[in-house]
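Number of protein chains: 2
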Amino acid sequence: MTRSELIQQIKAKRSFLCIGLDTDIDQLPPHLLDSEDPVFEFNRQIIAATADLCVAYKPNVAFYESRGIAGWKSLQKTWEALPKDCLRIADAKRGDIGNTAKRYAQAFFDQETSGLGFDAITIAPYMGHDSVQPFLEFEGKWGIVLALTSNAGGLDFQTIPNGDGVQLFEQIIQKTNTWGSIGNLMYVVGATRGEAFATIRKHAPDHFLLVPGVGAQGGSLSDVCKYGMNADCGLLVNATRSIIYASKGKDFAEKARQEALALQQEMEGELLASGIL
Amino acid sequence: MTRSELIQQIKAKRSFLCIGLDTDIDQLPPHLLDSEDPVFEFNRQIIAATADLCVAYKPNVAFYESRGIAGWKSLQKTWEALPKDCLRIADAKRGDIGNTAKRYAQAFFDQETSGLGFDAITIAPYMGHDSVQPFLEFEGKWGIVLALTSNAGGLDFQTIPNGDGVQLFEQIIQKTNTWGSIGNLMYVVGATRGEAFATIRKHAPDHFLLVPGVGAQGGSLSDVCKYGMNADCGLLVNATRSIIYASKGKDFAEKARQEALALQQEMEGELLASGIL
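Protein sequences appear in the order of chains A and B. Quick note on the numbering used here: the first sequence kicks off at 1 and runs consecutively. Quick note on the numbering used here: the second sequence kicks off at 278 and runs consecutively.
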């Protein structure tokens with residue numbers, strides 16, 4: 001999916017919502033546990049209930065990988081069920097030396113070798129250029145580099161300043177954005193980081209940002225928009241637990257839709273207020 | 278495997294060799310391609326030919342994941358074939374927020390949920406404490422945190438000094454070694470980093486270091502030992518391509534053994550010279 005197609009989707013759906021599919025087999029509605037593949041069945045119903053309200057889905061690979069081969073099968077089927085008009089993000093946080101990074105890129109981008117053809121993948125930047133570049137070489141795909149993450153540990157190393165007072169996450173943005181373009185590179189910035197969005201926008205005014213941490217993690221959508229939105233929206237705001245675990249009853253998909261709808265409506269308000277719609 | 282068991286293995290085998298199983302389906306000896314699972318068959322023969330010469334094996338997960346479900350099956354069978362007297366390292370470089378890191382830990386450590394029960398996993402530290410801690414909470418398992426890696430991109434961010442001149446990889450060691458102990462935490466340090474081992478040893482005198490980069494990447498074993506060896510050896514030196522791809526003929530396993538033997542003998546010399554044997 002190209003940048004302009006993504007913007008088109010945001011305008012058409014009046015939403016910049018990404019729904020995380022961190023589907024935890026221990027948290028599924030009990031009535032699904034008799035299905036052949038409960039995790040996939042859960043995802044299938046969540047997707048059917050929310051596809052018109054979001055522009056991206058983001059399966060978190062750990063929740064599949066933790067179930068070994070069975071989990072990898074659930075991931076495969078989930079990928080096949082993701083609508084093509086949504087950006088399909090593999091939240092994998094991979095990063096390794098060049099020849100290995102190339103294989104990770106194939107794992108998530110190259111349907112012929114792996115069976116999976118995601119549009120985007122999250123990337124850990126610690127190993128530098130050759131660990132990021134192979135993802136950016138795939139035509140029509142996106143690399144989403146960790147910048148400032150939403151978790152408590154995000155402050156352990158990411159905000160360390162160098163001798164000139166430039167924090168590590170800023171240096172990572174400064175350097176990585178010479179490796180890719182606004183058409184194939186995004187950054188992860190946690191919704192819990194509020195005013196840091198202004199700092200991010202100094203270094204990456206035009207890039208899209210993938211923003212987890214709204215909902216269960218406590219980030220504020222209005223703060224994210226206030227400091228992070230640009231003229232093309234430039235935001236994909238992710239919610240996971242507040243949507244997919246809104247109910248553990250038979251109404252889980254309906255309740256998920258209600259939560260997604262509430263967020264979509266709030267986002268529509270932000271898009272209208274900023275003149276994007 | 279505990280630290281004392283690992284040291285015992287090093288003394289018994291007179292070796293601190295780790296063999297990387299970055300098994301690339303495009304580089305296999307052609308005669309194996311008719312096997313039901315050529316990647317597993319290759320690994321099986323490499324392991325049989327080298328198990329008495331090394332103390333660790335390190336499958337690189339990317340090379341399995343890139344083949345999707347089929348690759349995950351090869352990884353599963355490979356894990357089952359790894360000898361229990363070797364440290365079984367999943368080279369996965371995972372790292373994510375706490376609840377997700379816990380799932381990654383299950384994926385590689387918890388045989389009941391995933392089918393895999395590796396002894397150790399490589400971890401990317403960028404996301405901080407809660408991304409590392411879940412791996413260290415598994416009894417009898419090891420987390421191996423990236424410190425200073427062997428690739429060119431390793432110098433992009435890892436050596437950035439803070440205002441006091443302390444480089445990022447040093448800060449990572451200083452902080453992470455308060456999270457674990459010498460009994461469950463190691464560091465990745467590239468063999469190509471020569472004298473940096475002295476700096477590493479300032480911060481982590483007693484930890485084991487996993488050292489890739491000898492062989493195809495050009496690192497020097499004698500430099501690694503000169504600056505990095507401690508009284509318990511404290512090194513697991515990895516070689517991959519120079520061993521597993523020593524020949525692409527029917528003699529690939531025999532040639533792999535020859536290469537592994539040459540390294541083992543060099544290591545034995547280092548262990549003798551340092552008085553560990």
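C-beta atoms are modelled at their ideal positions from N, C-alpha and C, and glycine is treated no differently.
Does DSSP put residue i in a helix, in a strand, or in coil?
| i | result |
| --- | --- |
| Gly234/A | coil |
| Asp91/A | strand |
| Thr23/A | coil |
| Cys363/B | coil |
| Val189/A | strand |
| Thr286/A | Residue numbering for chain A in the displayed model covers 1 to 277; residue 286/A lies beyond these limits and cannot be assessed. |
| Ala339/B | helix |
| Val443/B | coil |
| Pro161/A | strand |
| Leu17/A | strand |
| Ala539/B | helix |
| Ala105/A | helix |
| Ala429/B | coil |
| Ala216/A | coil |
| Ser516/B | The sequence shown places Ala at residue 516/B, rather than the Ser named in the question. It is a strand residue. |
| Ser391/B | helix |
| Thr178/A | coil |
| Glu268/A | helix |
| Glu531/B | helix |
| Ser524/B | coil |
| Gly183/A | coil |
| Glu282/B | helix |
| Pro29/A | coil |
| Ile97/A | coil |
Closer than 9 angstroms by beta-carbon distance: list the chain A residues that pair up with residue i, in chain order.
| i | result |
| --- | --- |
| Ile404/B | A quick correction: the sequence has Met, not Ile, at residue 404/B. What Met404/B touches in chain A: Lys93, Ala124, Leu146, Thr149, Asn151, Gly153, Gly154, Asp156, Phe157 and Gln158. |
| Ala550/B | Under the 9 angstroms cutoff, chain A gives no residues; its nearest Cβ is about 31 angstroms from Ala550/B. |
Below 8 angstroms on the Cβ atoms is my guess for residue i versus residue j; work out the distance and round it to an integer in Å.
| i | j | result |
| --- | --- | --- |
| Ala424/B | Phe446/B | 5 angstroms |
| Asp396/B | Phe340/B | The Cβ separation is near 19 angstroms, so there is no contact. |
| Ile400/B | Val409/B | 6 angstroms |
| Ala239/A | Leu209/A | Between Leu209/A and Ala239/A the Cβ distance is about 15 angstroms, and since that is not below 8 angstroms, they are no contact. |
| Asp557/B | Ser351/B | The question about residue 557/B has no answer, for chain B in this structure spans 278 to 554. |
| Cys502/B | Ile287/B | Wrong, their Cβ atoms sit about 13 angstroms apart, outside the cutoff. |
| Asp156/A | Lys479/B | Wrong, their Cβ atoms sit about 20 angstroms apart, outside the cutoff. |
| Gly471/B | Ser499/B | Their Cβ separation, rounded to whole angstroms, is 10 angstroms, which puts Gly471/B and Ser499/B out of contact at 8 angstroms. |
| Ser343/B | Ser114/A | 6 angstroms |
Anything in chain B within Cβ reach of residue i, meaning under 7 angstroms, just list it in chain order.
| i | result |
| --- | --- |
| Lys175/A | Asp433 |
| Leu116/A | Gly345 |
| Thr240/A | By Cβ distance, chain B contributes nothing, its closest Cβ being about 10 angstroms from Thr240/A, past 7 angstroms. |
| Gly163/A | Pro438 and Gly440 |
Ends of the beta strand (DSSP E) at residue i?
| i | result |
| --- | --- |
| Pro59/A | Ala56 to Pro59 |
| Trp142/A | Trp142 to Leu148 |
| Val211/A | Leu209 to Val211 |
In chain B, which residues lie less than 8 angstroms from residue i when you measure between Cβ atoms?
| i | result |
| --- | --- |
| Gln258/A | Here the premise fails: no neighbours, minimum Cβ distance about 24 angstroms. |
| Leu168/A | Phe434, Ile437 and Leu445 |
In chain A, what lies closer than 8 angstroms to residue i by C-beta?
| i | result |
| --- | --- |
| Ile374/B | Thr149, Ser150, Asn151 and Gly153 |
| Asp407/B | Asn151, Ala152 and Gly153 |
| Tyr381/B | Ala62, Glu65 and Ser66 |
| Ile449/B | Phe157 |
With residue i as the anchor, note down where its alpha helix (DSSP H) starts and where it stops.
| i | result |
| --- | --- |
| Val224/A | Leu221 to Gly228 |
| Glu557/B | Past the boundaries of the shown model lies residue 557/B; chain B is included only from 278 to 554, so the question cannot be answered. |
| Ile276/A | Counting along the chain, Ile276/A falls outside any alpha helix (DSSP H), and DSSP gives it neither H nor E. |
| Ala198/A | Ala196 to His203 |
| Phe135/A | His129 to Leu136 |
| Asn320/B | Pro315 to Thr327 |
Following a CB-centred definition, is residue i positioned closer than 7 angstroms to any heavy atom of the ligand NAP?
| i | result |
| --- | --- |
| Gly490/B | Summarising the ligand content, the structure contains no ligands, and the ligand NAP is consequently not present. |
What residues of chain A sit near residue i, judged by a beta carbon separation below 7 angstroms?
| i | result |
| --- | --- |
| Ala468/B | Within 7 angstroms Cβ-Cβ: nothing; Ala468/B doesn't reach chain A, min ~13 angstroms. |
| Thr390/B | Ser66 and Arg67 |
For the stretch 65 to 77 of chain A, list every residue whose C-beta sits within 7 angstroms of some C-beta in chain B, in sequence order. Residues passing the 7 angstroms Cβ filter: Glu65, Ser66, Arg67, Gly68, Ile69, Trp72, Lys73 and Gln76.
Residues in the stretch 195 to 224 of chain A having any Cβ partner in chain B nearer than 7 angstroms: none
Using a Cβ cut-off of 8 angstroms, which residues of the stretch 41 to 63 of chain A contact any Cβ in chain B, in chain order? Asn60, Ala62 and Phe63
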